[in-house]
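Residue numbers (the working numbering): 52 to 266. Quick reminder that beta carbons are idealized off the backbone N, C-alpha and C, glycines included. Comments concern the structure below.
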């Protein structure tokens with residue numbers, strides 16, 4: 052049985068400083084992007100090029116990470132990133148924009164999850180991997196609440212399917228909500244945590260294994 056607790060960073064600053072956009076002549080960098088299970092080099096050749104979508108490209112390297120996840124190394128050019136919904140840092144810390152990959156239906160293959168805005172709603176769409184392509188599976192969830200951001204995509208309830216974790220501000224509180232994967236949708240089941248402390252930011256998720264009453 053798994054349980055999860057959010058760690059909240061309580062650093063408060065008087066202003067928000069945003070990083071300057073990348074210059075067109077900036078050097079290339081390696082961006083490590085987390086995916087679901089990779090069985091071998093042949094599997095990586097199918098998964099990583101999709102994760103390292105243009106303008107990024109896969110540099111041929113992949114590796115396992117603690118906790119059962121895997122990483123593809125993507126080479127990113129110095130060109131400014133296209134406007135896309137930002138995906139906030141998650142555990143372990145990483146930056147991603149617009150799309151993430153993880154196993155949302157529990158079949159052992161990393162699926163593609165997209166975020167976009169349409170007709171006054173922010174929407175999340177899961178395109179499940181067939182092993183040959185990401186199939187179109189319609190929207191899995193949406194919200195009309197403004198400024199909701201996807202904090203991360205991971206298995207919050209221990210059922211083997213990655214769940215969608217959202218962060219938003221409402222009625223004077225910063226809130227975190229887990230929409231659990233059913234295998235065909237992200238089910239809305241209310242906030243999992245909130246705080247009235249200003250400028251709180253999540254810095255990760257602490258996993259605890261609980262067995263026979265011992266941690």
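Coil, strand or helix - residue 252 by DSSP: Here residue 252 is taken as the residue at index 201 of the chain shown, counted from 1. In the three-state DSSP reduction, residue 252 falls in the strand class (E or B).
By DSSP, does residue 95 sit in helix, in strand, or in coil? Taking the first residue of the chain shown as position 1, residue 95 is located at position 44. Helix at residue 95.
Just verifying my parser: in three-state terms, what is the DSSP assignment at residue 102? Along the chain shown, read from residue 1 onward, the residue named residue 102 stands at position 51. Helix, per DSSP.
Drop a sphere of 10 angstroms on the beta-carbon of residue 195, count the other beta-carbons inside from all chains shown, and report buried for 16 or more, exposed for fewer. As a working mapping, residue 195 is identified with position 144 in the chain shown. Flag for residue 195 reads exposed.
Within 10 Å of its beta-carbon, does residue 309 have 16 or more other beta-carbons around it, so buried, or fewer, so exposed? Any answer about residue 309 is impossible in this case: the structure gives the chain only from 52 up to 266.
Which word fits residue 134, buried or exposed, when buried means at least 16 other C-beta atoms lie within 10 angstroms of its C-beta? One-based indexing of the chain shown puts residue 134 at position 83. Reliability of the predicted coordinates at residue 134 is poor, the pLDDT of 33 falling under 50, and the value obtained from them is presented with this limitation in mind. Burial call: exposed.
Go through its chain and collect everything with a Cβ distance to residue 237's Cβ below 6 Å, but skip five positions before and after it. The residue you call residue 237 lines up with position 186 of the chain shown. Counting only Cβ-Cβ distances below 6 Å, and skipping sequence neighbours, we find 191, 192, 215, 230.
Under 7 Å between C-beta atoms of residue 87 and residue 161: On the chain shown, residue 87 is found 36 positions in, with the first residue counted as 1. On the chain shown, residue 161 is found 110 positions in, with the first residue counted as 1. In this structure, residue 161 lies closer than 7 Å to residue 87 by Cβ.
Can you check which of these residues, 251, 94, 103, 200, is closest to residue 223 by C-alpha distance? By 1-based counting over the chain shown, the position of residue 223 is 172. If we check each option's Cα against that of residue 223, 251 comes out closest.
Taking Cβ positions, are residue 226 and residue 203 nearer each other than 7 Å? Position 175 of the chain shown, counting from 1, holds the residue named residue 226. Position 152 of the chain shown, counting from 1, holds the residue named residue 203. Against a cut-off of 7 Å, the Cβ pair of residue 203 and residue 226 comes out as no contact.
Hey, residue 100 and residue 109: beta-carbon distance below 7 Å or not? The residue you call residue 100 lines up with position 49 of the chain shown. The residue you call residue 109 lines up with position 58 of the chain shown. A contact, by the Cβ cut-off of 7 Å.
Smallest Cα separation from residue 104: which of 246, 116, 124? Residue 104 sits at position 53 when you count from the first residue of the chain shown. Of the listed residues, the one whose Cα sits closest to residue 104 is 124.
Would you tell me roughly how many angstroms separate the C-alpha atoms of residue 233 and residue 156, rounded to the nearest one? On the chain shown, residue 233 is found 182 positions in, with the first residue counted as 1. On the chain shown, residue 156 is found 105 positions in, with the first residue counted as 1. Cα to Cα, the separation comes out at about 7 Å.
Cβ atoms of residue 187 and residue 179: under 7 Å apart, would you say? One-based indexing of the chain shown puts residue 179 at position 128. One-based indexing of the chain shown puts residue 187 at position 136. Not in contact: residue 179 and residue 187 (Cβ atoms no closer than 7 Å).
With 16 other CB atoms within 10 Å as the buried threshold, where does residue 183 fall? As a working note, residue 183 is residue 132 in the chain shown. With fewer than 16 other Cβ atoms inside 10 Å of its own Cβ, residue 183 counts as exposed.
Using the Cβ count rule (16 or more neighbours within 10 Å means buried), how would you classify residue 206? Within the chain shown, numbered from 1, the residue matching residue 206 stands at position 155. With 16 or more Cβ atoms within 10 Å of its Cβ, residue 206 is classed as buried.
State yes or no: is the C-beta of residue 85 within less than 7 Å of the C-beta of residue 122? Residue 85 sits at position 34 when you count from the first residue of the chain shown. Residue 122 sits at position 71 when you count from the first residue of the chain shown. The answer is yes: Cβ separation under 7 Å.
Rounded distance between the beta-carbons of residue 165 and residue 175, thought under 8 Å: As a position in the chain shown, residue 175 is number 124, starting the count at 1. As a position in the chain shown, residue 165 is number 114, starting the count at 1. At roughly 7 Å, the Cβ-Cβ gap stays under 8 Å, so residue 175 and residue 165 are in contact.
Which same chain residues, not among the five before or five after residue 81, have their C-beta less than 8 Å away from its C-beta? Translated into the one-based positions of the chain shown, residue 81 becomes position 30. Excluding positions up to five away in sequence, the list reads 110, 124, 125, 126, 127.
Give every residue of the same chain whose Cβ lies closer than 7 Å to the Cβ of residue 213, excluding the five residues on either side of it in the sequence, and list them in chain order. Within the chain shown, residue 213 is the residue found at index 162, counting from 1. So the list reads 153, 154, 155, 204, 205, 206, 232, once near-sequence residues are dropped.
Leaving out five residues on either side along the sequence, give the residues of the same chain with a beta carbon under 7 Å from the beta carbon of residue 172. Reading the chain shown from its first residue, position 121 is the one you call residue 172. Answer for residue 172: 193, 194, 195, listed in chain order.
What separation, rounded to the nearest whole angstrom, lies between the Cα atoms of residue 102 and residue 118? Within the chain shown, numbered from 1, the residue matching residue 102 stands at position 51. Within the chain shown, numbered from 1, the residue matching residue 118 stands at position 67. In a straight line, the C-alpha of residue 102 is about 19 Å away from that of residue 118.
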